[in-house]
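Going by this note's numbering, the first residue of the sequence shown is number 1479, and it counts up by one from there. Glycine included, C-beta positions come from ideal geometry on N, C-alpha and C. This one's a predicted model, so the numbers in the text were calculated from it and none came from an experiment. Right, one structure below, let's go through it.
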Amino acid sequence: MKRLCRVLVTVCVAGTLLVVSGGCSSGGAKLEGTRWMLTGWSVSSLDPAEFTITAAFADGQVSGSSGVNTYGGSYKAGPGDAVKVGEVASTLMAGEEPAMRAESVYMTLLQDARSFSLADGVLTFYDEGGNESLIFAATGE
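And the structure:
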């Protein structure tokens, strides 16, 4: 009888935890539904305002313009504000050297992102060391 009570209590607690965690929004939901324009990054030698670099997140996919090319790939938002961008593919157009350099820097920083914060229409990605790496503003689209 005691064993049956323990099993029932364990099942009830586990079921409650599943229901509660299922009702919480994932970090990915925070990213979705907005188009983001890059406004800042951790590279001082290039001004991101000189390039059109965007990101949009939907259904586990990230896509946008990386300055010269368009790109797309997968991403996962984990517990809290953890994030990981997977393999990314892009078109293979050539551009001017500064734009190609900016594109390369952006793709590296995007794939190195490990967490994010979102406040007042500003999306900030952080690298593994917790340093700001990419800063986006919501475009309203």
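Given this structure, state the Cα-to-Cα distance separating Leu1496 from Ala1597, to the nearest angstrom.
Per-residue confidence for Leu1496 stands at a pLDDT of 29, beneath the threshold of 50, marking its modelled position as unreliable; the derived number appears in the next sentence. Cα-Cα distance, rounded: 28 angstroms.
In this structure, what does DSSP give as the bridge partners for Thr1569?
Looking at the DSSP assignment, Thr1569 forms no beta bridge with any residue, so it has no partner.
Assign Glu1581 to one of two classes, buried (16 or more other C-beta atoms within 10 Å of its C-beta) or exposed (fewer than that).
buried
Rounded to the nearest angstrom, what separates Leu1587 and Ser1611 at their Cα positions?
6 angstroms
For the beta strand (DSSP E) that contains Arg1592, what are its first and last residues?
It is not in any beta strand (DSSP E) - Arg1592 carries neither H nor E in the DSSP assignment.
Note the first and the last residue of the continuous beta strand (DSSP E) segment covering Val1540.
1539-1543
Excluding the five sequence neighbours on either side, which residues of its own chain have a C-beta within less than 6 angstroms of the C-beta of Val1521, listed in chain order?
Val1583
Relative to the C-alpha of Gly1564, which residue among Ser1595, Asp1605, Ser1523, Val1540 is closest?
Val1540
Check for me: the beta strand (DSSP E) holding Ile1613 runs from which residue to which?
1610-1616
Assigned secondary structure, Val1583 (DSSP; H/G/I helix, E/B strand, else coil):
helix
Can you tell me where the beta strand (DSSP E) with Thr1688 in it begins and where it stops?
Examination of residue 1688 is not possible in this model, given that the chain is present from 1479 through 1619 alone.
Alpha carbon to alpha carbon, how far is Val1566 from Met1459? Give it in angstroms, no decimals.
With the chain covering only 1479 through 1619, there is no way to say anything about residue 1459.
Could you tell me the boundaries of the beta strand (DSSP E) in which Ala1536 lies?
1532-1536
So, are the CB atoms of Phe1614 and Thr1530 less than 9 angstroms apart?
no
Which residue comes first and which comes last in the beta strand (DSSP E) that contains Ala1555?
1548-1555
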